[in-house]
Amino acid sequence: MAFNPTPEQRTAIEGKGTILVSAAAGSGKTAVLVERVINHLTNSQKPIDADRLLIVTFTNAAAAEMRARIEKRLNEEINKNPGNPKLLRQQLLMSKAVISTIDSFCIELVRDNFQHLSIQPDFKIADPSAMEPLKEKAITEVFENHYNQNDPGFFALLDAVGSDYGDNVLKDFVLKIYDSSRAMPFPEKWFEKIEGMYKNISDLNETYWAEILFDYAKHMVKTAADDARNVLNKMSRNEKIFNAYGAAFCAIIDQLNMLYEKLENKDWDGAYDFIESFDIPAFKPLRNFDDERLKSSASMVKNSIKEMVKKDLKKLFLTGSQTQLERLTELSPHISKLMELVREFAEQLKTECRSRNVLSFDAVEHLALKLLVEDQDGEIKPTEIAREIAQRYDEVLVDEYQDTNNLQDTLFYALSDNGSKLFLVGDVKQSIYGFRYANPENFMIRKQAYPPYDGKTSPSKILLKNNFRSRGEVCEFINFFFSIFMSRNSGGVDYTHEEMLIPLAQYPESPQPSVELYLLQKGEEDSAELQEARFIADYIQNAVESGMLLQDKKDPEKLRRAEYGDFTILLRTIKGKAAVYFNELRSRGIPVSSSVGGFLDSAEIITMASLLKAIDRPSDDVAVLSVLMSPIFSFTDTEIAEIRVNNTDCNIISSITQAAQNGNAKCAEFLEKLRSFRTLANTLPVGQLIKRLYDITGYAEIVLAAEDGERRRANLLQLISYATEFENSGYKGLSAFIGFLDRLKDSDGLKSAEAVKSQNTVRIMSIHASKGLEFPVCIIANCGMKFNTRDSISQLVLDEFAGIGFKYIDEENGVRKNVISRAIIALLANNRMVSEEMRLLYVAMTRAKEKLVLITTESKPEEKLSNLGLKLERSWADNRLSETFIMSANSYADWILSAALIHPSCSDFRALAGADIIPAETRGLFKAQIINELPERTETRAEIPQMPQVDDQFYQQIKQRLSYTYPYDALNKIAAKSSVSKLVHESDSKQYDFNSRPAFMLKSGLTPAERGTANHKFMQFADYNKAAQDIQAEVERLYEWEYISFEEAQAIDVKSIERFFKSELFKRIKSSNNVKRELRFLTEIPVGEIEPGIPDNIKNEYVVVQGVVDCVFDEDGQLVIVDFKTDRLSEKELIAEYSKQLEIYAKSLSKNYKKLVKECYLYSFYLNRAIPVKWQNQD
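What follows is the structure in structure tokens.
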């Protein structure tokens, strides 16, 4: 379908200058970005070459999709005008167009400029999981140094943070601060700022923390006073309750006014004393009062005010000002020592990475920034390299700008010639990657500062509000909801007319409501998740069977019956949750797909990890038992019991060995395979080992038969990738990789493979995974799950502007002390968490195309609604909701149920809550329903059909076909292409696998094989004329030119090589006017010549063979072959070992060069002579 842009989209496509595009959900931002690129490439007046655009996306998948869409559109333009040379040129330039993630761009930038950064150009990238062992090693090294130095400041810091159970708490502090700093352009400046915030504090009120505290406390007190006045006003209409409660409320209001005045005057100690002594007068008795609602409301307001003062403000005004100053002073040296540890850790981690020639993604970004900007007297300016790179690009286009961090934002600024040619696209309402240190404030700062686009002013902004995804009713509900709940403080942006969706998607009319809410009453036995899963299964089954109507994909003007593939279930987190929904739907016969758990928790990875552990340590009973009972070996519990019954006093492997000796064939087979696996583990890198294990056991194919088999197999293949990346990071060996997996077990930092979606399955995914997708029916479940407050309650808290803070232990008094810095930063962290959750809910709701279904579960639904109603009565006024109410939410359900109580369609909910609330002004239906009891679940079992009569003729036919043997099957065991040495010596290679001694046992540091290789290298690269005159000088020349290493130069047997250059054979070589060294050839050899036992029908098939002859020279029109050997073998042994190899050389060269090979020689540097070699049937 042709893209027909709206006027706003057209402006974004054709606009000039630096532009910020604020693109709401479903507004076609990707299409706009693609069309802007095409507009640049095809502009008739001033086209921009494809390789002069820098296009940055958030993920590699998004980059690949962007490139594909641009190329497709360019091809469409070429098809319209196939002879246009400018378009054809752009098509060629697309191969050089930079369309990538910022990480990929920085990697290439750093590689291209490695000489300016003192790094190797062939560095490898270590992903976050591969960095974990490096970080562990670095921080251990730093701490060991301080232990060895008996550093008193270090030990004092350990005591301050708590070291009763080791130093892990302090290590976590260092890692947390370091990780946060890496998202900042200049970490050192942040470290210095943190230290400075604690030094030389003379006036507590002048600190950054006190400024935030007073503003926040004033807001809380003012809101509480307003609530008290509203209740007092209501009570004034009823003499009875006013006489009982009025005086108390007047006193409350007076006290709050006094407290506000102290806060306004920044009277810390006055406010602290007031909070300490704050008390609310008791209510007079009130009996036989009819308006229970008003009575409850008055009690609730009174209690909430008391809690606000005695709990919330008490958490901030911890002590008197002098005590706080003393605590901050006590904390100052600990902060400085902590920053010292972070700096040392950063340097040590650099050293660890440098020794392995690896870089993390953030390290690459920082190196890129080092190339692009420099600090000149506190002012950040672009470098000469930055200016040169900026000239390469006419525009820098950034997708998903709201998800960038401060470091990346600085990079974009430098790459775009100080921000003069930027095109930024994003939506701050969809910034959901705070855990990756994304900073939506970067977007908001520009959005607030830039004027609307007018074609003259730069920079400027363009708003894309039209929604081409969702039904009008869905958009209406989203606008209603977020205009109430999303604000600058609770979401990062005020949801005003600038943010509201304008529905433009065309759908046929449907009689069904587009937005539904189901509030389930939790039973006593089942979990909320299981209860919701059962309800959802019923809902989907009924929708499919009864014919829920959705837009027809082929004919958009018509409706069709819903299918299972139309439904998607979104969860805030899938870990520990998704499996419940998945299993319930699957048990009901509903096709479903999901990544239901972490990578390391998946059954297939547990099995493979157990196999690796059993190979590494056969004494590990748990691992061995897990492998035995896995599908790989298929031991039953009965078989295990029989094996163990007479051998309970030893480990499992000993019992298996005993059973094998007693004739148990299955145990014997297991032990044989385990032995072969252990041999492979000693010779192969871990990634290759895992691949071989799959090949031998067939496990990667076995899992395909399981539920969700494609994803399971993808997980197994991903394990190979993780193992390869791990070893690329500088670590080697199976034991190290197992330790790496064990360290990640708790966090499961390894990403599971994506679920493989078939055409017609219900999908279960996290809200994060759903970003950028859309679904006909979107079910947001588990809305009652509590928000994660971990960041605000952890011992160490941090903030870009407020620094860091932690509770510390006073060793002298044995108490843990809190400080204002930690209290304020914890408050800020909680506010950030609530804002991110608000944006996550926006992302979830805007995935729905035709129907949005919200589901939550409460133990007492009516009581929950009643309590929310009481709060809303004092928080909802003039179509606005108080910020205090919004920020106090503990779950999505608090917001969603409150929205239901406010929505005009939900009068039933208001009646149940007994709430006196004036509904909001909004259109659209919102179906809200309480489900007190789920229908009885009936087990449906299909009748077992009787077995049909077997057709013997058909059976024999199938049996014959299944037993068919491919006539050329033996060829499958022979490589179609091989080397001469591999063909000749493959059968003997295994017996020599472990013959060479390790290098550490040798004086020279090289094994005999490596010394032999050194001699071979010399003969390969040496200038024979120079070597014949001065061998040592030639050795030095080869070392200087880096043909050989220092160790190899030292290991070369100069005396043996001197004898060669004095030999008769060398005189013949020197006399020839046609000498070839390291002569490569390719030939064909009949299979029968290399595999004597091969069946007759294939012995004349050919194998392609490649080889390299050390030396061949022409003598009297015939060829002489020389092969150099350093083996410590006798003449007879050498001929037996290598005659076949020389025979292949001779036949191949004779065939290729049409000349007779008259002689072949093995020159032995061990025997110091040439050995003539003849072979069978030599002419």
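Going letter by letter, the sequence shown gives residues 286 to 1464 in the numbering used here. Built from N, CA and C at the ideal position, the CB exists for glycine as well.
| message | Taking the beta strand (DSSP E) that Lys666 belongs to, which residues open and close that run? | response | Numbered from 1 along the sequence shown, position 381 holds the residue referred to as residue 666. Residues 664 to 667.
| query | How should Asn727 be labelled, buried or exposed, when 16 other C-beta atoms within 10 angstroms of its C-beta is the threshold for buried? | reply | Counting from 1 along the sequence shown, the entry for residue 727 is found at position 442. It counts as buried.
| request: Tell me whether Gly1090 is buried or exposed, calling it buried when 16 or more other Cβ atoms sit within 10 Å of its Cβ. | output: In the sequence shown, counting from the first residue as 1, residue 1090 sits at position 805. Buried is the call here.
| request: Can you grab the Cα-Cα spacing for the pair Glu296 / Gly972, in whole Å? | output: Taking the first residue of the sequence shown as position 1, residue 296 is located at position 11. Taking the first residue of the sequence shown as position 1, residue 972 is located at position 687. In the sequence on display, residue 296 carries Thr and not Glu. Rounded to whole angstroms, Thr296 to Gly972 spans 51 Å at the Cα level.
| query | Who are the near neighbours of Ile1259 in its chain, counting only those whose CB is closer than 7 Å to its CB and skipping five residues on each side? | reply | Taking the sequence shown and counting its residues from 1, one reaches residue 1259 at position 974. Closer than 7 Å at Cβ, skipping near neighbours: Val1372, Glu1376, Val1388.
| request: May I have the straight-line CA-CA distance separating Leu544 from Met593, to the nearest angstrom? | output: If you number the sequence shown from 1, residue 544 lands on position 259. If you number the sequence shown from 1, residue 593 lands on position 308. In a straight line, the C-alpha of Leu544 is about 12 Å away from that of Met593.
| request: Check whether the Cβ atoms of Glu1418 and Asp1395 sit closer than 8 Å, and answer yes or no. | output: Start at 1 with the first residue of the sequence shown, and residue 1418 comes out as number 1133. Start at 1 with the first residue of the sequence shown, and residue 1395 comes out as number 1110. No, these two residues do not count as a Cβ contact at 8 Å.
| Ser1465 - containing beta strand (DSSP E), residue span | Coverage of the chain is limited to positions 286 through 1464, which leaves residue 1465 absent and any answer about it impossible.
| Whose C-beta lies closer than 6 Å to the C-beta of Pro1189 among residues of the same chain, with five residues either side of it excluded? | On the sequence shown, residue 1189 is found 904 positions in, with the first residue counted as 1. The residues are Pro1204.
| said: Between the alpha carbons of Tyr1446 and Tyr1253, how many angstroms are there, rounded? | reply: The count along the sequence shown starts at 1 and reaches residue 1446 at position 1161. The count along the sequence shown starts at 1 and reaches residue 1253 at position 968. In a straight line, the C-alpha of Tyr1446 is about 38 Å away from that of Tyr1253.
| Buried or exposed (CB count within 10 angstroms, at least 16 for buried), Asn490 | The residue labelled residue 490 in the question sits at position 205 within the sequence shown. The residue is exposed, with fewer than 16 neighbouring Cβ atoms inside 10 Å.
| request: Answer with buried or exposed for Gln405, where buried requires no fewer than 16 other C-beta atoms within 10 angstroms of its C-beta. | output: The residue given as residue 405 occupies position 120 in the sequence shown. It counts as exposed.
| query | Which two residues bound the contiguous alpha helix (DSSP H) that contains Asp397? | reply | Counted from its first residue, the sequence shown places residue 397 at position 112. Unbroken alpha helix (DSSP H) run through Asp397: 387 to 397.
| Among Glu1400, Glu1369, Pro793, the one whose alpha carbon lies nearest that of Glu1386 | Your numbering for residue 1386 matches position 1101 in the sequence shown. Measuring from the Cα of Glu1386, the nearest candidate turns out to be Glu1369.
| said: Taking a contact to mean a Cβ-Cβ separation below 8 Å, would you say Gln376 touches Ile355 in this structure? | reply: The sequence position of residue 376 within the sequence shown is 91, counting from 1. The sequence position of residue 355 within the sequence shown is 70, counting from 1. No, the pair does not count as a contact, with Cβ atoms beyond the cut-off.
| request: Write down every uninterrupted run of the alpha helix (DSSP H) in the segment 519 to 600 whose length is 4 residues or greater and which is fully enclosed by it, in chain order. | output: 524 to 549, 553 to 562, 577 to 592
| message | Which same chain residues end up closer than 6 Å to Ala583 when comparing Cβ atoms and leaving out the 5 residues on each side of it in sequence? | response | Here residue 583 refers to the residue found at position 298 when the sequence shown is read from its first residue. Correct list, in chain order: Val516, Tyr530.
| query | Beta-carbon separation of Leu692 and Ala411 under 8 Å? | reply | Indexing the sequence shown from 1 puts residue 692 at position 407. Indexing the sequence shown from 1 puts residue 411 at position 126. Not a contact, by the Cβ cut-off of 8 Å.
| said: Here's a check: name, in chain order, each residue in its chain whose Cβ is nearer than 8 Å to the Cβ of Gly704, leaving out the five neighbours to either side. | reply: Counting from one through the sequence shown, the residue named residue 704 turns up at place 419. Excluding residues within five positions, the ones whose Cβ falls inside 8 Å are Thr303, Phe697, Tyr698, Pro744.
| What whole-angstrom Cβ distance do Phe762 and Leu1137 have, given they're in contact under 8 Å? | Here residue 762 refers to the residue found at position 477 when the sequence shown is read from its first residue. Here residue 1137 refers to the residue found at position 852 when the sequence shown is read from its first residue. With a Cβ gap of about 7 Å, Phe762 and Leu1137 count as contacting.
| DSSP three-state assignment for Gln1403, whether helix, strand or coil | In the sequence shown, residue 1403 corresponds to position 1118, counting from 1. If DSSP states are grouped into helix, strand and coil, Gln1403 belongs with the strands.
| field | Helix, strand or coil at Thr1298 [DSSP, three-state] | value | The residue labelled residue 1298 in the question sits at position 1013 within the sequence shown. Looking at Thr1298 - three-state DSSP - the assignment turns out to be helix.
| Apart from the five residues just before and just after Ala1227, which ones in its own chain have a Cβ nearer than 6 Å to its Cβ? | Here residue 1227 corresponds to residue number 942 of the sequence shown, with the count starting at 1. Residue confidence is low: Ala1227 scores 37 on pLDDT, short of 50, so the model does not pin down where it sits. No coordinate-derived value is stated.
| Alpha-carbon to alpha-carbon, Ser961 and Lys1440 | Working through the sequence shown from its first residue, we reach residue 1440 at position 1155. Working through the sequence shown from its first residue, we reach residue 961 at position 676. So the alpha carbons of these two residues sit roughly 47 Å apart.
| Simplified DSSP state of Asp512, which is helix, strand or coil | Position 227 of the sequence shown, counted from the start, is the residue given in the question as residue 512. Residue state, collapsed to three classes: helix.
| said: Buried or exposed, going by whether 16 or more other CB atoms sit within 10 Å of the CB of Thr892? | reply: Against the sequence shown, residue 892 aligns to sequence position 607. Buried is the call here.
| query | By DSSP, does Asp1278 sit in helix, in strand, or in coil? | reply | Translated into positions along the sequence shown, residue 1278 becomes position 993. A caution first: Asp1278 carries a pLDDT of 38, below 50, which makes its placement in the model too unreliable to give a value.
| task | Compute the beta-carbon to beta-carbon distance between Lys807 and Glu1143, rounded to the nearest angstrom, for a pair I have assumed lies under 8 Å. | result | For the purposes of this step, residue 807 is identified with residue 522 of the sequence shown, where counting begins at 1. For the purposes of this step, residue 1143 is identified with residue 858 of the sequence shown, where counting begins at 1. Contact holds; Cβ gap of about 6 Å.
| query | Do you know offhand how far Leu318's Cα is from Leu498's? | reply | The count along the sequence shown starts at 1 and reaches residue 318 at position 33. The count along the sequence shown starts at 1 and reaches residue 498 at position 213. Spanning the two alpha carbons is a distance of roughly 43 Å.
| query | Hey, Gly447 and Ile1023: beta-carbon distance below 8 Å or not? | reply | Position 162 of the sequence shown, counting from 1, holds the residue named residue 447. Position 738 of the sequence shown, counting from 1, holds the residue named residue 1023. Contact flag unset, no.
| message | Give me, in chain order, the residues of the same chain whose beta-carbon lies closer than 7 Å to that of Phe867; leave out the 5 immediate sequence neighbours on both sides. | response | Residue numbering aside, residue 867 sits at position 582 when the sequence shown is read from its first letter. Answer for Phe867: Val877, Ser879, Val881, Ile1049, listed in chain order.
| request: Give the straight-line distance between the Cα atoms of Gln733 and Lys301, rounded to the nearest whole angstrom. | output: Position 448 of the sequence shown holds residue 733. Position 16 of the sequence shown holds residue 301. Their backbone Cα atoms lie some 19 Å apart in a straight line.
| query | Under 8 Å, do Gln687 and Ala310 count as touching if we go by C-beta distance? | reply | Locating residue 687 in the sequence shown gives position 402, where the first residue counts as 1. Locating residue 310 in the sequence shown gives position 25, where the first residue counts as 1. Going by C-beta atoms, Gln687 is not nearer than 8 Å to Ala310.
| query | How is Ala1307 classed by DSSP in three states: helix, strand or coil? | reply | To locate residue 1307, count along the sequence shown from 1; it is residue 1022. Coil at Ala1307, not helix or strand.
| Near Arg852, what residues of its chain come up, given a Cβ to Cβ distance below 8 Å and the 5 sequence neighbours on each side ignored? | One-based indexing of the sequence shown puts residue 852 at position 567. It is worth fixing the name first, because residue 852 is Phe in this sequence and not Arg. Excluding sequence neighbours, Phe852 sits near Ile825, Ala828, Val1047, Arg1048, Phe1060, Pro1061, Val1062, Ile1064.
| Whole-angstrom C-beta distance between Lys1311 and Glu1319, which should lie under 8 Å | Your numbering for residue 1319 matches position 1034 in the sequence shown. Your numbering for residue 1311 matches position 1026 in the sequence shown. Yes, Glu1319 and Lys1311 are in contact; Cβ-Cβ is about 5 Å, under 8 Å.
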